[in-house]
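For reference, each letter of the sequence shown is one residue, going 353 to 743 in the numbering used here.
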Amino acid sequence: MENFKFYSPTDFVFGKNAENEVGSLLKMQHATKVFIHFGGGSVVRSGLLGRIEAQLKLNHIDYVILGGVKPNPLDTLVYEGISICKKEKVDFVLAVGGGSAIDSAKAVAAGAKYDGDFWDFYDGKASIEDALPVGVVLTIPAAGSEASMSSVITKTDGMLKRGIGSRFYRPLFAVMNPELTYTLPAYQTSAGIVDMMSHIFERYLTKSTGVDLTDRLSEATLISIMDAARVIQKDSKNYDARATICWAGTIAHNGILAVGRIEDWSTHALEHELSALYDVTHGAGLAVMFPAYMKYTLEEDVNRYYQLATRVFGVTPNETKKRMVALSGISKLEEFYHEIGMPLTFNEIGAKKEDIDILLEKLKINRGDRFGSFKVLTLDDARKIYELACY
Ligand code: NZQ
Ligand code: ZN
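Here it is as structure tokens:
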């Protein structure tokens with residue numbers, strides 16, 4: 353097991369009507385002027401935003417609002433948010449929505465306390481030394497941003513999608529009511545499921561040894577996610593299944609499954625280029641890229657893939673045919689993604705083989721010539737993985 357530090361300050365309020373506690377949570381944080389940030393309107397249509405505003409009014413907390421965060425959030429709205437926060441002397445940032453609203457809110461929180469261009473943080477030119485505190489009301493279990501230290505923003509100029517991590521980006525509270533996820537379109541529910549599973553795979557595929565505890569926690573989480581996903585397929589308002597998916601999304605990415613392991617993240621790097629170029633839903637892009645990555649890196653550690661296949665995907669153990677068993681595990685993953693309506697090929701997400709050179713160019717700008725740790729990938733490896741994902 354590797355040495356580790358794990359910092360997780362988030363106060364979770366989970367369950368039915370959890371959003372009714374937003375007012376008291378903000379009071380506990382001594383918020384006096386709140387910047388509420390949300391996406392394209394789902395929280396307006398569901399009435400959630402109105403309920404949150406009522407909470408703030410009840411608690412005599414002043415606020416300003418900025419909606420309009422797009423999936424794969426853009427820098428342009430972040431600049432707008434920063435200028436509002438500075439002008440209005442905001443002292444707390446509240447994201448209401450999913451990973452996109454939360455990531456945009458985190459960038460605003462850091463930019464509001466910085467005199468330069470917030471993109472400096474995403475460009476690696478500066479590191480975050482201070483930020484406004486962030487709280488979250490989650491509406492889609494997927495990105496895990498409600499407890500993660502990350503934020504992913506796309507720079508419109510050049511459509512560069514970049515993720516960074518900072519301890520200032522850990523939300524101070526996350527309000528999670530699984531019932532708020534009933535209104536999710538089936539495609540978004542499934543994309544979220546793929547994303548959280550991918551967050552586990554990015555850590556599960558490691559060269560670190562002595563990590564049996566986090567291996568088994570990861571395997572249990574993956575199994576629970578798939579079981580709950582199948583229930584939701586038939587009964588989209590099944591509370592316990594929705595609740596399982598909600599909490600699994602957090603566990604998958606708050607870092608608890610990552611402790612003591614070297615993480616990989618190359619499949620996310622490959623996918624972010626698809627999101628940036630085609631504006632594809634992040635989880636859908638991952639459904640296309642992860643099986644391809646797994647097939648390409650199988651020989652890197654057949655035993656690890658064998659373990660995944662036998663413990664998670666129910667493939668019958670056969671010590672003399674480990675490679676075949678490992679491959680069957682990857683096929684089972686593809687079958688599961690297909691079952692929940694996720695794409696498996698470039699074609700299905702509108703990506704084109706002819707664009708691979710463009711994807712690689714951007715990848716080189718964002719990640720350099722070599723990236724990843726389970727297998728250190730060159731750009732030539734990346735090309736082959738994209739090619740595998742074409743069919
Ligand atoms: O924008 P609105 O109108 O709210 O609609 C959203 C959006 O269209 C809709 N939605 C959300 N909750 C809903 C709902 N529709 C109906 N009912 C609800 N309850 O769902 C769509 C997707 O929302 P989005 O916030 O984009 O989803 P997600 O949470 O998957 O976030 C994706 C973003 O997070 C980044 C991704 O790259 C992508 O940009 N990630 C962030 C990470 C992090 N910060 O730790 C890690 C991830 O790996 C990921 O990269
Ligand atoms: Zn992700």
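Glycine included, C-beta positions come from ideal geometry on N, C-alpha and C. Since we're looking at a predicted model, the values are computed, not measured.
- In this chain, the beta strand (DSSP E) harbouring A526 covers F525 to M528.
- When distances are taken from the beta-carbon of S542 to the heavy atoms of the ligand NZQ, even the shortest one reaches 6 Å or more.
- It is roughly 27 Å from the alpha-carbon of I682 to the alpha-carbon of D587.
- Per DSSP, the unbroken alpha helix (DSSP H) holding G402 starts and ends at L400 to L410.
- By the Cβ test, the stretch 533-550 is in contact with the stretch 635-642, since at least three Cβ pairs between them sit closer than 8 Å.
- I614 places its beta carbon less than 7 Å from that of S560.
- By the CB criterion at 7 Å, I608 and L536 fall outside the cutoff.
- DSSP lists V448 and V527 as the beta-bridge partner residues of V489.
- Fewer than three Cβ pairs drawn from the stretch 361-376 and the stretch 430-444 lie within less than 8 Å of each other, which leaves the two stretches out of contact.
- With a cut-off of 8 Å on Cβ pairs, the stretch 514-523 is in contact with the stretch 456-464, counting three or more such pairs.
- Residues close to the ligand NZQ by the beta carbon criterion (under 5 Å to any non-hydrogen atom) are, from first to last along the chain, G391, G392, G393, S394, P423, N424, G449, G450, G451, S452, D455, T491, I492, A494, A495, S497, S500, S502, V504, T535, L536, Q540 and H634.
- Taking C-beta separations shorter than 8 Å and ignoring five residues to either side along the sequence, the partners of L626 in its chain run V632, G637, V640, M641, I701, A703 and L711, following chain order.
- Inter-residue distance for A526 and E671 is about 44 Å (C-alpha atoms, whole angstroms).
- Separation of the CB atoms of F723 and E652 is rounded to 15 Å, and the pair is thereby denied contact status at 8 Å.
- Contact annotation, A595 with P530: C-beta distance approximately 4 Å; criterion of less than 8 Å satisfied.
- Around V546, the same chain offers G635, L638, A639 and M694 as residues with beta carbons nearer than 6 Å, after the five sequence neighbours per side are excluded.
- H624 and N718 have their C-alpha atoms roughly 10 Å apart.
- No heavy atom of the ligand ZN is found nearer than 6 Å to the CB of D414.
- The residues V430, I434, A459, A462 and G463, in chain order, have a CB closer than 7 Å to that of F470 in the same chain once the five nearest residues on each side in sequence are set aside.
- Residue environment analysis places D733 among the buried positions, since at least 16 neighbouring C-beta atoms fall within 10 angstroms of its C-beta.
- Relative to the Cα of G601, the nearest Cα in the group K357, S542, G391 and L622 belongs to S542.
- Taking C-beta separations shorter than 8 Å and ignoring five residues to either side along the sequence, the partners of A628 in its chain run N424, T506, M511, L512, K513 and K714, following chain order.
- Across the structure, M528 and A494 are spaced so that their CA atoms are roughly 12 Å apart.
- Comparing alpha carbon positions, the residue from Y474, E481 and L484 closest to S502 is Y474.
- A Cβ-Cβ separation of about 7 Å places G450 in contact with G391 under the 8 Å criterion.
- Shown here for K589: same chain residues with a beta carbon closer than 6 Å to its own, the five before and five after excluded, namely Y534 in chain order.
- Under the DSSP definition of a beta bridge, R722 partners with T730.
- The straight-line gap separating the alpha-carbon atoms of L410 and G375 is approximately 8 Å.
- Listed in chain order, the non-local C-beta contacts of F688 below 7 Å within the same chain comprise M578, local neighbours out to five positions each way being set aside.
- Under the 10 Å beta carbon count, G496 is surrounded by 16 or more other beta carbons and is classified as buried.
- In the three-state DSSP reduction, S502 falls in the strand class (E or B).
- Using a 10 angstroms sphere on the CB of T668, the tally of other CB atoms stays under 16, which defines it as exposed.
- Its chain contains A383, T384, K385 and L484 as the residues whose beta carbon lies nearer than 7 Å to that of D443, once the 5 sequence neighbours on both sides are disregarded; these appear in chain order.
- Counting along the chain, no alpha helix (DSSP H) covers D363; the unbroken beta strand (DSSP E) around it starts and ends at D363 to F366.
- As DSSP reads the structure, D414 sits in a beta bridge with K385.
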